[in-house]
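A.B. asks:
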Amino acid sequence: MRLVAATPLCIAALMVAACDGDNSVRISSTTSETEAKGVLKVIETLQCPETIGVLTRKGSAHAGGDVCVYSGPRGAEVSLHLIKLDDENADGVLDRFEQELSRSMPHTAAALAAAQEASEARAEADAASAQADSARAEASAASGDRASVRMPGLSIEAEGERADVRLPGLTVEAEGDTANVRFGNFSIQADDANQTVDVRSDDESVSVQARDDAAEIRTRAPGDTVRTTYILTDNRPAEEGWRLVGFEARGPEGGPIVVATVRAKDRDSDGVFDSAKDLVTLNVGE
């Protein structure tokens, strides 16, 4: 029953993927922001200033002006890429970038993948036991081992370790250490015993998977243009010291797209990710 109270608090903190103070991963998303964005530019070569934010360029542009490399605080690395799509779609290109970055933090990626498989298996098991739960509920109602609260805008049904809460725009189904939450167009699956939280939006514009001190975050703006962010982060460093890898990608639907990849040894990235975003904005706009 702990998650009945804890989960709404996480939601109020704008999609907190792990409610553990300074180690939490936070993400928020709005659709109105995208509507205010301008048209993304079509470019032929990258603009690579010598410095931007906390980043300093290393050498000159490479590959005919299609790649620039930057260094940041504590050994952080940023690479800026201009990708011509030709006959390939942006999703395929970005999937390759995601796989390459994941290889920089292999243990984190593997742990999150295993947690996702376990979560899906639990979801199937929950669905299979739905009929049994219904039968138990009927038996409990007959025996009086059940509590119900109903008032305008609020409905609570509780039975032992199980509780269902209904509020306008919010539903919580909790049992023991697990909870399934619907909040607007977001769905949240939380498992306190296994320290996992999965957050997804109906339109697939936001996806957050968190486990212990690690998280994998994907956001993409709706519409025809490419506006995508990917982050893989962990308090436990990879062999090369990385605690955060990811990319920011933007561009018109038919390309070219600009992708800034980030590798940082600080989970907060020391402003490196923000500076990488500034590089993308400089080249193609917001």
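Numbering (mature numbering (1 follows the signal peptide of the UniProt record, and there is no 0)), first residue to last: -18 to -1, 1 to 268.
We treat Cβ as the ideally placed atom computed from N, Cα and C, and that holds for glycine.
1. For the region 247 to 254 against the region 67 to 86, do three or more pairs of beta-carbon atoms, one drawn from each stretch, fall closer than 8 Å, so that the two count as touching?
2. In chain order, what residues of the same chain have a beta carbon less than 8 Å from the beta carbon of Leu83, not counting five sequence neighbours either side?
3. Taking the alpha-carbon of Gly57 as reference, which of Leu67, Gly223 and Gly205 has the nearest alpha-carbon?
4. Skipping 5 residues on each side, what residues in its chain have a beta carbon closer than 7 Å to that of Gly35?
5. Between the Cα of Glu268 and those of Gly236, Arg232, Val241 and Ser251, spot the shortest distance and give me the residue it belongs to.
6. If you run the structure through DSSP and keep just helix, strand and coil, what is Ala95?
7. When DSSP labels each residue in this structure, what does Thr(-12) get in the three-state scheme?
8. Ignore the nearest five residues each way along the sequence and tell me which others in Ile25's own chain have a CB closer than 8 Å to its CB.
9. So the alpha helix (DSSP H) Val262 belongs to, where does it begin and stop?
10. Are Thr207 and Glu186 close, meaning C-beta to C-beta below 8 Å?
11. Per DSSP, which residues does Arg182 bridge with? Please list them.
12. DSSP state of Glu139, grouped into three classes?
13. Which first and last residues belong to the beta strand (DSSP E) in which Ser53 is found?
14. Short check: CB of Val181 to CB of Phe168, under 8 Å?
15. Within a Cβ cutoff of 7 Å, which residues of the same chain sit near Leu22, ignoring the five residues on either side of it in sequence?
16. In this structure, how does DSSP classify Arg209 when only helix, strand and coil are distinguished?
17. In the structure shown, what three-state DSSP assignment does Asp248 receive?
18. Quick one: using the 10 Å Cβ neighbour count with 16 as the cut-off for buried, is Glu157 buried or exposed?
19. Nearest-angstrom Cα distance between Asn71 and Gly20?
20. Hey, would you say Asp146 sits closer than 8 Å to Thr160, going by beta carbons?
21. What does the Cβ neighbour count give for Glu32, buried or exposed, with the cut at 16 atoms within 10 Å?
22. Taking Cβ to Cβ, would you say Asn176 is nearer than 8 Å to Asp195?
23. Grouping DSSP H, G and I as helix and E and B as strand, with all else coil, what is Ala112?
24. Can you tell which of Glu143, Glu141, Gly166 and Gly142 has the C-alpha that lies nearest to the C-alpha of Leu149?
25. Nearest CA to the CA of Leu152: which residue from Glu143, Ile138 and Arg144?
26. Counting C-beta neighbours from all protein chains within 10 Å, is the total for Gln81 16 or more, i.e. buried, or is it exposed?
C.D. replies: According to the data block:
1. no
2. As a working mapping, residue 83 is identified with position 101 in the sequence shown. Contacts found: Tyr212, Leu214, Val227, Gly228, Phe229, Thr243 and Arg245.
3. Along the sequence shown, one-based indexing puts residue 57 at 75. Out of Leu67, Gly223 and Gly205, Gly223 has the C-alpha closest to the C-alpha of Gly57.
4. One-based indexing of the sequence shown puts residue 35 at position 53. Cβ neighbours of Gly35 beyond the five flanking positions: Gly253, Asp256, Ser257 and Asp260.
5. Along the sequence shown, one-based indexing puts residue 268 at 286. For Glu268, the nearest C-alpha among the options comes from Arg232.
6. One-based indexing of the sequence shown puts residue 95 at position 113. Helix.
7. The residue labelled residue -12 in the question sits at position 7 within the sequence shown. For Thr(-12), the pLDDT reaches just 39, beneath the cut-off of 50, and the residue's location in the model is therefore unreliable, although a value from the coordinates is still provided. Helix at Thr(-12).
8. Along the sequence shown, read from residue 1 onward, the residue named residue 25 stands at position 43. So the list reads Leu64, Pro238, Val240, Asn265 and Val266, once near-sequence residues are dropped.
9. By 1-based counting over the sequence shown, the position of residue 262 is 280. Run containing Val262: Val254 to Val266, per the alpha helix (DSSP H) assignment.
10. Taking the first residue of the sequence shown as 1, we reach residue 207 at position 225. Taking the first residue of the sequence shown as 1, we reach residue 186 at position 204. No. Outside cutoff.
11. The residue given as residue 182 occupies position 200 in the sequence shown. Answer by DSSP bridge pairing, in chain order: Ser169 and Ser189.
12. Walking along the sequence shown from the start, residue 139 turns up at place 157. Note: Glu139 maps to strand in three-state DSSP.
13. Taking the first residue of the sequence shown as 1, we reach residue 53 at position 71. Taken as a continuous stretch (DSSP letters only), the beta strand (DSSP E) holding Ser53 covers Val49 to Ser53.
14. Stepping through the sequence shown from its first residue, residue 181 is reached at position 199. Stepping through the sequence shown from its first residue, residue 168 is reached at position 186. Result yes, Cβ atoms of Val181 and Phe168 sit closer than 8 Å.
15. Taking the sequence shown and counting its residues from 1, one reaches residue 22 at position 40. Excluding residues within five positions, the ones whose Cβ falls inside 7 Å are Thr207, Arg232, Gly233, Pro234, Val266 and Gly267.
16. Counted from its first residue, the sequence shown places residue 209 at position 227. Here Arg209 sits in strand by DSSP.
17. Your numbering for residue 248 matches position 266 in the sequence shown. The answer is coil: DSSP assigns Asp248 none of H, G, I, E or B.
18. Here residue 157 refers to the residue found at position 175 of the sequence shown. By the C-beta density criterion, Glu157 is buried, having at least 16 other C-beta atoms within 10 angstroms.
19. Counting from one through the sequence shown, the residue named residue 71 turns up at place 89. Counting from one through the sequence shown, the residue named residue 20 turns up at place 38. Within the model, the alpha-carbon separation for Asn71 versus Gly20 is close to 22 Å.
20. The residue labelled residue 146 in the question sits at position 164 within the sequence shown. The residue labelled residue 160 in the question sits at position 178 within the sequence shown. No, the pair does not count as a contact, with Cβ atoms beyond the cut-off.
21. By 1-based counting over the sequence shown, the position of residue 32 is 50. A residue is called buried once 16 or more other Cβ atoms fall within 10 Å of its Cβ, and Glu32, having fewer, is exposed.
22. For the purposes of this step, residue 176 is identified with residue 194 of the sequence shown, where counting begins at 1. For the purposes of this step, residue 195 is identified with residue 213 of the sequence shown, where counting begins at 1. Remark: C-beta atoms of Asn176 and Asp195 do not approach each other more closely than 8 Å.
23. On the sequence shown, position 130 is the one that residue 112 refers to. Below a pLDDT of 50, predicted positions are generally treated as unreliable, and Ala112, at 49, falls in that range; no measurement from the model is reported.
24. Mapped onto the sequence shown, residue 149 falls at position 167. Selected option, being the one with the closest Cα: Gly166.
25. Within the sequence shown, the letter at position 170 stands for residue 152. With distances taken between Cα atoms, Leu152 lies closest to Ile138.
26. Here residue 81 refers to the residue found at position 99 when the sequence shown is read from its first residue. Per the 10 Å Cβ criterion, exposed.
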